[in-house]
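Since the structure comes first, as structure tokens, the remarks are kept for the end.
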Amino acid sequence: MSNTRFIGKVYHRFDELASTNDWAAQLLGTVPEGTVVRAGHQTAGRGQMGSHWQSPPGENLLLSVLFYPHWLDAQAQFHLSMAMALGLNDLIASLGIGHSALDVKSSIKWPNDLYLDDKKAAGILIQNALSGATLQSSIVGIGLNVNQLNFPPDLVNASSLAGAFGKKFDLDEVAALLFEGVERRYLQLKAGKREAIKSEYEGSLWRLGQPVRFVRAADGAAFEGIVLGVTGTGLLRVQTGKGEEVFEVKQVRFETREAT
Ligand code: BTN
347 MSNTRFIGKV YHRFDELAST NDWAAQLLGT VPEGTVVRAG HQTAGRGQMG
397 SHWQSPPGEN LLLSVLFYPH WLDAQAQFHL SMAMALGLND LIASLGIGHS
447 ALDVKSSIKW PNDLYLDDKK AAGILIQNAL SGATLQSSIV GIGLNVNQLN
497 FPPDLVNASS LAGAFGKKFD LDEVAALLFE GVERRYLQLK AGKREAIKSE
547 YEGSLWRLGQ PVRFVRAADG AAFEGIVLGV TGTGLLRVQT GKGEEVFEVK
597 QVRFETREAT
């Protein structure tokens with residue numbers, strides 16, 4: 347049982363669903379904030395930019411949390427994304443892994459993947475609905491690889507908690523800690539701490555301040571740049587040969603083999 351005020355107090359659990367995000371969308375407006383939809387397996391799990399999220403039955407966490415952030419301006423919606431990524435990143439410290447955690451660096455790969463060293467262990471898919479100038483609802487879908495050790499050959503940069511830390515985890519316990527971390531960050535944002543969220547997010551960015559090779563989506567051209575941070579709307583700020591440039595998610599990808 348999680349030590350939270352509202353996340354996971356209503357908890358819909360299924361052995362199998364098409365997608366927890368899609369199920370959560372059906373519940374919007376009929377269930378309280380913090381309702382969680384969790385599945386042991388998804389037959390049509392969805393990832394960012396139309397991709398599929400694959401996960402073998404029973405090994406990982408596949409869940410969606412419903413929020414009603416009426417208090418958040420639509421133009422500040424990336425702050426919710428940053429808060430969720432931080433909540434996921436905080437989980438690593440709260441797992442109580444001790445010394446083994448010191449050898450594994452957790453970070454946030456822009457915009458909101460959880461990386462353990464140079465491998466992706468979790469992704470977040472957020473679906474916001476607006477009402478005028480503010481958010482009406484947000485479905486935060488989280489796929490966290492927990493006990494999976496074998497990945498399909500096309501997922502060369504995938505990892506899991508078990509893969510990184512060399513031990514298996516109890517899924518319910520990890521879920522409870524995740525709810526606590528995500529709730530803490532949501533409440534921090536609700537309390538108006540936008541700048542703190544942004545600066546902690548930037549401080550947790552994978553490859554911050556380091557030279558990285560990127561590929562432009564438009565023409566496939568590779569270029570080198572240094573990740574500087576993000577804008578308030580979620581564009582990636584990169585120092586390139588042309589000066590400081592900003593990119594949308596669809597415009598660039600990191601070229602490194604581990605980070606496709
Ligand atoms: C990504 O592409 O990195 C985001 C992946 C998000 C996957 C999770 S699994 C639970 C929830 N339901 C879905 O269909 N997708 C999200």
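Mapped onto my numbering, the consecutive letters of the sequence shown carry residue numbers 347 to 606.
Backbone N, C-alpha and C define an ideal beta-carbon position, used for all residues, glycine too.
Residues in the same chain with beta-carbon distance under 6 Å from residue i, minus the five sequence neighbours each way, listed in chain order, please.
| i | result |
| --- | --- |
| G391 | S365, W399 |
| N491 | N406, A467, S506 |
| K455 | Y461, W552 |
| F424 | T579, G580 |
| G587 | none |
| W369 | L363, V383 |
| R531 | A429, L432, G433 |
| G386 | D361, P403, G404 |
| L524 | L437 |
| K514 | N493, A508 |
| S452 | N435, I438, L462 |
Need the endpoints of the beta strand (DSSP E) that residue i sits in, please.
| i | result |
| --- | --- |
| Q394 | Run containing Q394: none; DSSP gives neither H nor E here. |
| G380 | Looking at the DSSP string, G380 is not in any beta strand (DSSP E), and its letter there is neither H nor E. |
| S453 | 452-455 |
Just to confirm my understanding: we take residue i, look at its own chain, exclude 5 residues before and 5 after, and list those with CB closer than 8 Å. What are they?
| i | result |
| --- | --- |
| V592 | T577, L581, L582, R583, V584 |
| K596 | M395, A563 |
| E604 | Bear in mind that a pLDDT of 44 at E604, under 50, signals an unreliable position, so the model cannot answer this. |
| V356 | V377, P378, G380, T381, V382 |
| A422 | R540, G578 |
Would you mind reading off the limits of the alpha helix (DSSP H) that contains residue i?
| i | result |
| --- | --- |
| I438 | 423-440 |
| L533 | 517-536 |
| A542 | 540-549 |
| A370 | 366-373 |
Quickly, what does DSSP pair residue i with across the bridge? List them, please.
| i | result |
| --- | --- |
| P415 | Per DSSP, none; premise fails for P415. |
| Q585 | I572, E590 |
| T480 | D419, S477 |
| R599 | V561 |
| H358 | V383 |
| K465 | L462 |
| A504 | K466 |
| L490 | L407, A468 |
| L554 | V573 |
| L495 | According to DSSP, which records beta bridges pairwise, L495 is partnered with nothing at all. |
| I485 | L412, Q473 |
| Q388 | L363 |
Let's test the definition: count the other Cβ atoms within 10 Å of the Cβ of residue i and tell me whether it reaches 16, buried, or not, exposed.
| i | result |
| --- | --- |
| S484 | buried |
| A429 | buried |
| A479 | exposed |
| T606 | For T606, the pLDDT reaches just 39, beneath the cut-off of 50, and the residue's location in the model is therefore unreliable, although a value from the coordinates is still provided. Classification for T606: exposed. |
| G354 | buried |
| P457 | buried |
| D436 | buried |
| A542 | exposed |
| G566 | exposed |
| L426 | buried |
| I521 | A small correction: the amino acid at residue 521 is Ala; Ile does not occupy that position in the sequence shown. Label assigned to A521: buried. |
| D518 | exposed |
| K544 | buried |
| D516 | exposed |
| G527 | buried |
| N349 | exposed |
| L409 | buried |
Contact defined as beta carbons within less than 8 Å: I believe residue i pairs with residue j. What is the distance between those atoms, to the nearest angstrom?
| i | j | result |
| --- | --- | --- |
| K465 | N503 | 5 Å |
| Q388 | L363 | 6 Å |
| V450 | F497 | Wrong, their Cβ atoms sit about 17 Å apart, outside the cutoff. |
| L481 | P415 | 4 Å |
| F569 | R599 | In fact, because the Cβ distance is near 12 Å, the residues do not count as touching under 8 Å. |
| R351 | E529 | 7 Å |
| E548 | G509 | Their Cβ separation, rounded to whole angstroms, is 27 Å, which puts E548 and G509 out of contact at 8 Å. |
| I470 | G487 | 7 Å |
Please list, in chain order, all residues of the same chain as residue i whose beta carbon is under 7 Å from its beta carbon, the five residues on each side excluded.
| i | result |
| --- | --- |
| E546 | L432 |
| L476 | A420, Q482 |
Residue i: beta carbon under 7 Å from a heavy atom of ligand 2?
| i | result |
| --- | --- |
| S348 | Although ligand 2 was asked about, the structure shown includes only ligand 1 as ligands. |
If we cut at 8 Å on Cβ distances, does residue i have a partner in chain B?
| i | result |
| --- | --- |
| F413 | In the structure shown, chain B cannot be found, because there is only a single protein chain. |
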